[in-house]
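K.L.:
I'd like to ask you about the structure that follows.
There are 2 protein chains.
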Amino acid sequence: MSFPSWLSQLYRGLSRPIRRTTQPIWGSLYRSLVQSSQRRNPEFSSFAVRTNTCGELRSSHLGQEVTLCGWIQYRRQNTFLVLRDFHGLVQVVIPQDESAASVRKILCEAPVESVVQVSGTVISRPAGQENPKMPTGEIEIKVKTAELLNACKKLPFEIKDFMKKTEALRLQYRYLDLRSFQMQYNLRLRSQMVMKMREYLCNLHGFVDIETPTLFKRTPGGAKEFLVPSREPGKFYSLPQSPQQFKQLLMVGGLDRYFQVARCYRDEGSRPDRQPEFTQIDIEMSFVDQTGIQSLIEGLLQYSWPNDKDPVVVPFPTVTFTEALATYGTDKPDTRFGMKIIDISDVFRNTEIGFLQDVLSKPHGTVKAICIPEGAKYLKRKDIESIRKFAADHFNQCSLLGKLRLECADLLETRGMVLRDPTLFSFLWVVDFPLFLPKEENPRELESAHHPFTAPHPSDIHLLYTEPKKARSQHYDLVLNGNEIGGGSIRIHNAELQRYILATLLKEDVKMLSHLLQALDYGAPPHGGIALGLDRLICLVTGSPSIRDVIAFPKSFRGHDLMSNAPDSIPSEELKPYHIRVSWPTDSKAERAH
Amino acid sequence: MSFPSWLSQLYRGLSRPIRRTTQPIWGSLYRSLVQSSQRRNPEFSSFAVRTNTCGELRSSHLGQEVTLCGWIQYRRQNTFLVLRDFHGLVQVVIPQDESAASVRKILCEAPVESVVQVSGTVISRPAGQENPKMPTGEIEIKVKTAELLNACKKLPFEIKDFMKKTEALRLQYRYLDLRSFQMQYNLRLRSQMVMKMREYLCNLHGFVDIETPTLFKRTPGGAKEFLVPSREPGKFYSLPQSPQQFKQLLMVGGLDRYFQVARCYRDEGSRPDRQPEFTQIDIEMSFVDQTGIQSLIEGLLQYSWPNDKDPVVVPFPTVTFTEALATYGTDKPDTRFGMKIIDISDVFRNTEIGFLQDVLSKPHGTVKAICIPEGAKYLKRKDIESIRKFAADHFNQCSLLGKLRLECADLLETRGMVLRDPTLFSFLWVVDFPLFLPKEENPRELESAHHPFTAPHPSDIHLLYTEPKKARSQHYDLVLNGNEIGGGSIRIHNAELQRYILATLLKEDVKMLSHLLQALDYGAPPHGGIALGLDRLICLVTGSPSIRDVIAFPKSFRGHDLMSNAPDSIPSEELKPYHIRVSWPTDSKAERAH
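Respectively, the protein sequence lines represent chains A and B.
Using the UniProt record's numbering, you'd call the opening residue of the first sequence number 1 and step up by one each time.
Using the UniProt record's numbering, you'd call the opening residue of the second sequence number 1 and step up by one each time.
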């Protein structure tokens, strides 16, 4: 999909909205971000050599002597130059008189994307030359002095080409990509939204921001944890997937409202749109129940929601896991549109159609349908064919109907129906998950549906001792437009119950968690929490195609940093202090010999 | 060293100030922290099952029905129970009438440090039984209902003993240690101070909070970087010591005011009072000079300084590196007291004392002295002896006089002189450091005094091509009470200069930094920044003896997590995906065989 370049937008006249979101343009971008977070504007030029930003100048600045610093965006016939900074663009008049020869030389000769500093006066543009589509379009700068701060070497490609090129090129030259409107917007919105979350948690509700270690020990079942060799032979730290244990220990320690914007690590090899390190808004509190956490999060999102979007309406609707599966065929339903799954078994109870008869005669056999609104009007014969094929391809997968529902939505939108309003953010709580699932490799054994510290549903505690498979948990997921953006639970605070679940039901080695079990024994308060996936949330809020668009320096889907070329080879003598050696795969030994 | 326990403080009557800082007591702690950060108090009981915190109740709450949750602090003769939460203590009257037998049973039988929930009415204490030293000392709670939320198992030691015990025990049972007044105070002050820093940077000055990767590639000379094996044979990520390269690349990317509360990593093996992971307030901005960064930081500290300390006075004084060495014998002088080093060569110019004659006849030969105020009054003969011995032990070390100055200060304070006011925070900028130092292993080669991206002093650029050893840099250190708490510099933004310094002067492999050099070529703005060591700063602000006292879950000085026992052994099959094997030292193979 094409990445919206702010450059091309500017050339086209700036105000074209970007697909799937209504993006503010340079200038109004800052107004909206700034208004949402504080009463007065930040001072963007404090402590700097400039007096103003390029993007802030208006008619109200007429006559002022200003110093601006920025990048040369483009030059028109050696008479005008457009200077850019993060705040926007401003037109600079290149002086033509003989006395300004040196200034003219600098401004005419510096390549595009060079960095210059100019001082001069804010003047009106001549009548008829105003540009109403440009926030600074009423004024221009009459230059007195200019300095070339840094010349830009000729880029190995045209900026226009670059913007159209592959994501790999964008990642390799990330520092150029970051100059784009879209990346500036995404990263600044992210910063603002996190700041508002901190204000809500810390200033309004007394949460304490506490940093927890990332050099930790491996956790049971933590197969996706990166390892960090220590200087003790055979001893490794692990980079944890979340601060789960630490946040529970903080509750035991009486720090009863904790949050952290926590860096987490997960080694999933090559999975699209995942990152080996990611960020979560990590929250835990004591003396709280499920509804307490839900209200907290609803308030958090409402408070931190960007001003340029429609306000968040609370409370969010809630469905149970069972309802979600029955109605949407998934535990993370996209509730921006209907097309719910309907049980139409009763209609066919007396059918004579053979295969339906077969199905309905079986225990739990049902016939289900999705009603596609105006399907007959929008869908073509080949669409119906593709739906039929999709169904056949996914036959016997229980999530078929859920996938089919999304497939049909895509088809309808391809055909011109507006099914999912791009300005709509549809939050949903999914609750009452099962506490355990059968293990994939051995379905007679159990594994935690989420993690082993999740408390059972209060009504289902007795089931732990009789039919643990049927026990529901106090886990809750937060879903936004069909994406899971958060999950949490009330935790087990009773050491006996925790031991029973770990040792007897899950058959885990409790020794690895002895510190946590001991902590529960020494006055652990009832507690619960949640973690929001920040990268995914910002990705949805900004309408970005990938989480890589809301991270300053993301890794490629293979986990590479394409700019610096990480991970990198390490000389074997640098491995020695860590008592490790590389085990070269036999087939690559030959390669190395070359 | 004795760790001030809030428990023992409470038993003693709460108001004793702790050595070296004036600590607020429970109750007033929160007032001071809260007032410093926002106009209205946070709602500490929102979303929770309690109606109030234990510590907030006053006469103004009389008659209110409240629900409190907390830990049993102690019980007096089965008639009173003192309940504790993070906010403070409150007295609960154990009901004696027959109808309340079940409530009484719960409250009388629950062990100390158990967690209970009580509901009841706020009543006055009987006349004469008020406790003016306790913030809630005018009231008590008449209980109606009580619930034991979690019983505390018998602790393996008395809490009183625990508080007196070794730091190792405190680290092993960190969740108990966190319940202490001091740890609660330290971590909450840290959270508040960082929040204020964010408000200053983000809301007042338009900085953008940007997260940078911690899975990166090794940097030249990065011998202290932890390694993270990847799934590609022989390829490793490195955990960077700072976001230095990323923050410079952000400047090239036009994000011209960046900050991050950044987790950094440094593998220094066992060094006292260092942590393998630590936190820095990381800042970078474009179009700025040294004084701009200095003013920014002065404003930052002034704005975020806790209300219960004397306000920070700005601007901070500045000394050059050369002056600092000459006057204080160190580049991080403690300026809370005088006792400066004075050159008294002239006095002895015509001396007949042989060894002084010898010294003064040599080039650069000087005689220097420290005047100890009232030394004759305070210091005893054996003190003079110990000073003489100290001088002999450190003979021929150029930092001798600086060490001697601190040694004398310690001695004077031991003898009762108040030399360093415990409420005084004395900031100092040290500037004009040398750009290069001779390499320790080969003094004919150069290494960067700080890092290779530091810009030379504008007056000394020509020296790079003639006498690079004499070139000063645009590096600046921030010193507080004799501790380096921050350092930064104006960076090189010119690719040619950066290449010359890396390749020609430092003889580094520029291939490892080709991405950064390329970025400088493509329109890098002039930029500079700083990093403040957050752990050290909070340690000094709270007057803590060690940075471990301002970190929730610190490692021991050997890099161990004594609570969870990290780092830990890893089964060899879990090493396979990372293509590494453990190289067991030969002498430990035998051990393993057992």
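Beta carbons: idealized from backbone N, C-alpha and C, even for Gly.
Name the chain A residues that come within less than 9 Å of residue 597 (chain B), Cβ to Cβ?
P.N.:
A question about residue 597 (chain B) goes unanswered here, because the residues of chain B that appear run from 1 up to 594.
K.L.:
By how many angstroms is the C-alpha of E277 (chain A) removed from the C-alpha of R263 (chain A)?
P.N.:
Within the first sequence, numbered from 1, the residue matching residue 263 (chain A) stands at position 263. Within the first sequence, numbered from 1, the residue matching residue 277 (chain A) stands at position 277. Between R263 (chain A) and E277 (chain A), the C-alpha separation is close to 7 Å.
K.L.:
Under 8 Å between C-beta atoms, does residue 622 (chain A) make it to chain B?
P.N.:
The requested residue 622 (chain A) is not part of the displayed model; chain A covers only 1 to 594.
K.L.:
Among A:I210, A:L189, A:V431, A:S564, which one has its Cα closest to the Cα of G543 (chain A)?
P.N.:
As a first step, residue 543 (chain A) is located in the first sequence; it is residue number 543 there, counting from the start. The option with the nearest alpha carbon to G543 (chain A) is A:L189.
K.L.:
Give the straight-line distance between the Cα atoms of I141 (chain A) and I123 (chain A), rounded to the nearest whole angstrom.
P.N.:
As a position in the first sequence, residue 141 (chain A) is number 141, starting the count at 1. As a position in the first sequence, residue 123 (chain A) is number 123, starting the count at 1. If you take the alpha carbons of I141 (chain A) and I123 (chain A), they lie about 6 Å apart.
K.L.:
Closer than 8 Å, CB to CB, is R218 (chain A) near chain B or not?
P.N.:
For the purposes of this step, residue 218 (chain A) is identified with residue 218 of the first sequence, where counting begins at 1. Output row for R218 (chain A): interface = yes.
K.L.:
Nearest to L148 (chain B) by CA position, among B:V118, B:E573, B:G128, is which residue?
P.N.:
Numbered from 1 along the second sequence, position 148 holds the residue referred to as residue 148 (chain B). Nearest of B:V118, B:E573, B:G128 to L148 (chain B), Cα basis: B:V118.
K.L.:
With a threshold of 7 Å, establish whether the CB of R104 (chain B) neighbours any heavy atom of the ligand FMN.
P.N.:
In the structure shown, the ligand FMN is absent, as is every other ligand, since no ligand is present at all.
K.L.:
From S304 (chain B) to M195 (chain B), what does the alpha carbon distance come to, in whole angstroms?
P.N.:
Taking the second sequence and counting its residues from 1, one reaches residue 304 (chain B) at position 304. Taking the second sequence and counting its residues from 1, one reaches residue 195 (chain B) at position 195. Roughly 8 Å separates the two Cα atoms.
K.L.:
Taking E277 (chain A) as the query, report the chain B residues whose CB atoms sit under 8 Å from its CB, ordered along the chain.
P.N.:
Numbered from 1 along the first sequence, position 277 holds the residue referred to as residue 277 (chain A). Within 8 Å Cβ-Cβ: P213, T214, L215.
K.L.:
Return the chain-ordered ranges of every beta strand (DSSP E) run that is complete within the stretch 312 to 364 of chain B and spans a minimum of 3 residues.
P.N.:
Entirely contained in the stretch 312 to 364 of chain B, the beta strand (DSSP E) runs reaching 3 residues are, in chain order, 318 to 320, 341 to 343.
K.L.:
For H87 (chain B) versus E113 (chain B), is the C-beta distance shorter than 8 Å?
P.N.:
Counted from its first residue, the second sequence places residue 87 (chain B) at position 87. Counted from its first residue, the second sequence places residue 113 (chain B) at position 113. In this structure, E113 (chain B) does not lie closer than 8 Å to H87 (chain B) by Cβ.
K.L.:
For a contact meaning CB atoms closer than 9 Å, what does D460 (chain B) contact in chain A?
P.N.:
If you number the second sequence from 1, residue 460 (chain B) lands on position 460. Chain A residues near D460 (chain B): none, gap ~20 Å exceeds 9 Å.
K.L.:
Give the DSSP-derived three-state secondary structure of H61 (chain B) in the structure shown.
P.N.:
For the purposes of this step, residue 61 (chain B) is taken as residue 61 along the second sequence, with counting starting at 1. It is helical.
K.L.:
Measure the C-alpha to C-alpha separation of G338 (chain B) and A391 (chain B) and round it to an integer number of angstroms.
P.N.:
Counting from 1 along the second sequence, the entry for residue 338 (chain B) is found at position 338. Counting from 1 along the second sequence, the entry for residue 391 (chain B) is found at position 391. If I take the Cα positions, the gap works out to 20 Å.
K.L.:
Decide if Y578 (chain A) is buried, meaning its Cβ has at least 16 other Cβ atoms within 10 Å, or exposed.
P.N.:
By one-based count along the first sequence, residue 578 (chain A) stands at place 578. Buried is the call here.
K.L.:
For Y175 (chain A), does the three-state DSSP call read helix, strand or coil?
P.N.:
Position 175 of the first sequence, counting from 1, holds the residue named residue 175 (chain A). In this structure, Y175 (chain A) counts as helix in the three-state DSSP scheme.
K.L.:
In chain order, which continuous runs of the beta strand (DSSP E) of length 3 or greater are located wholly inside the stretch 532 to 559 of chain B?
P.N.:
DSSP runs (the beta strand (DSSP E)) wholly in the stretch 532 to 559 of chain B: none.
K.L.:
Determine whether the Cβ of Q184 (chain A) lies closer than 8 Å to any Cβ atom of chain B.
P.N.:
For the purposes of this step, residue 184 (chain A) is taken as residue 184 along the first sequence, with counting starting at 1. Output row for Q184 (chain A): interface = yes.
K.L.:
For I159 (chain A), I'd like the list of residues in its chain whose CB is within less than 8 Å of its CB, leaving aside the five on either flank, ordered along the chain.
P.N.:
The count along the first sequence starts at 1 and reaches residue 159 (chain A) at position 159. The residues are L7, V112, E113, L176.
K.L.:
Quick check on I580 (chain A): does DSSP put it in helix, strand or coil?
P.N.:
Here residue 580 (chain A) refers to the residue found at position 580 when the first sequence is read from its first residue. I580 (chain A): strand per DSSP, three-state reduction.
K.L.:
List the residues of chain B that P71 (chain A) touches, going by C-beta distances under 9 Å, in chain order.
P.N.:
By one-based count along the first sequence, residue 71 (chain A) stands at place 71. It is Trp, not Pro, that sits at residue 71 (chain A) in the sequence shown. Simply G254, G523, P525.
K.L.:
Are the beta-carbon atoms of F557 (chain B) and P272 (chain B) separated by less than 8 Å?
P.N.:
Here residue 557 (chain B) corresponds to residue number 557 of the second sequence, with the count starting at 1. Here residue 272 (chain B) corresponds to residue number 272 of the second sequence, with the count starting at 1. Yes.
K.L.:
If you draw a straight line from the C-alpha of E508 (chain A) to the C-alpha of L435 (chain A), how long is it?
P.N.:
Start at 1 with the first residue of the first sequence, and residue 508 (chain A) comes out as number 508. Start at 1 with the first residue of the first sequence, and residue 435 (chain A) comes out as number 435. The straight-line gap from Cα to Cα measures roughly 16 Å.
K.L.:
For the beta strand (DSSP E) containing L239 (chain B), list its first residue and its last residue.
P.N.:
Within the second sequence, numbered from 1, the residue matching residue 239 (chain B) stands at position 239. Where L239 (chain B) is concerned, the enclosing beta strand (DSSP E) stretches over 235 to 239.
K.L.:
Kindly indicate if chain A contains any beta-carbon less than 8 Å away from that of I210 (chain B).
P.N.:
For this step, residue 210 (chain B) is matched to residue 210 along the second sequence. For I210 (chain B), the answer is yes, since a Cβ of chain A falls inside 8 Å of its Cβ.
K.L.:
Would you say I570 (chain A) lies against chain B (beta-carbon separation less than 8 Å)?
P.N.:
As a first step, residue 570 (chain A) must be located in the first sequence, where it is residue number 570. Judged by the 8 Å Cβ criterion, I570 (chain A) is in contact with chain B.
K.L.:
Within this structure, are the beta carbons of K368 (chain A) and I344 (chain A) separated by less than 8 Å?
P.N.:
Residue numbering aside, residue 368 (chain A) sits at position 368 when the first sequence is read from its first letter. Residue numbering aside, residue 344 (chain A) sits at position 344 when the first sequence is read from its first letter. Going by C-beta atoms, K368 (chain A) is nearer than 8 Å to I344 (chain A).
K.L.:
Just the Cα atoms here: how many angstroms apart are N307 (chain B) and M563 (chain A)?
P.N.:
Locating residue 307 (chain B) in the second sequence gives position 307, where the first residue counts as 1. Locating residue 563 (chain A) in the first sequence gives position 563, where the first residue counts as 1. Distance between the alpha carbons of N307 (chain B) and M563 (chain A): 45 Å.
K.L.:
Of the residues B:Q192, B:G63, B:V115, B:A48, which one's Cα is nearest the Cα of Q73 (chain B)?
P.N.:
Translated into the one-based positions of the second sequence, residue 73 (chain B) becomes position 73. Nearest option by C-alpha distance: B:V115.
K.L.:
If you run the structure through DSSP and keep just helix, strand and coil, what is P24 (chain A)?
P.N.:
On the first sequence, residue 24 (chain A) is found 24 positions in, with the first residue counted as 1. Its pLDDT being 37, under 50, P24 (chain A) is placed unreliably in this model, and the value from its coordinates should be taken loosely. If DSSP states are grouped into helix, strand and coil, P24 (chain A) belongs with coil.
K.L.:
Any Cβ of chain A within less than 8 Å of the Cβ of D308 (chain B)?
P.N.:
Within the second sequence, the letter at position 308 stands for residue 308 (chain B). Cβ-Cβ to chain A under 8 Å: no for D308 (chain B).
K.L.:
Counting only beta-carbon atoms, is H61 (chain B) nearer than 8 Å to chain A?
P.N.:
Within the second sequence, the letter at position 61 stands for residue 61 (chain B). H61 (chain B) does not count as touching chain A.
K.L.:
Near Y265 (chain A), what residues of its chain come up, given a Cβ to Cβ distance below 6 Å and the 5 sequence neighbours on each side ignored?
P.N.:
To locate residue 265 (chain A), count along the first sequence from 1; it is residue 265. If we look at Y265 (chain A) and ignore the five residues flanking it on each side, its Cβ neighbours are F226, L239, E277.
K.L.:
Report the option in A:N78, A:V479, A:L505, A:T351 whose CA atom is closest to the CA atom of Q96 (chain A).
P.N.:
For the purposes of this step, residue 96 (chain A) is taken as residue 96 along the first sequence, with counting starting at 1. Nearest option by C-alpha distance: A:N78.
K.L.:
Nearest chain B C-beta to V115 (chain A) closer than 8 Å, yes or no?
P.N.:
Reading the first sequence from its first residue, position 115 is the one you call residue 115 (chain A). At least one chain B Cβ lies under 8 Å of V115 (chain A).
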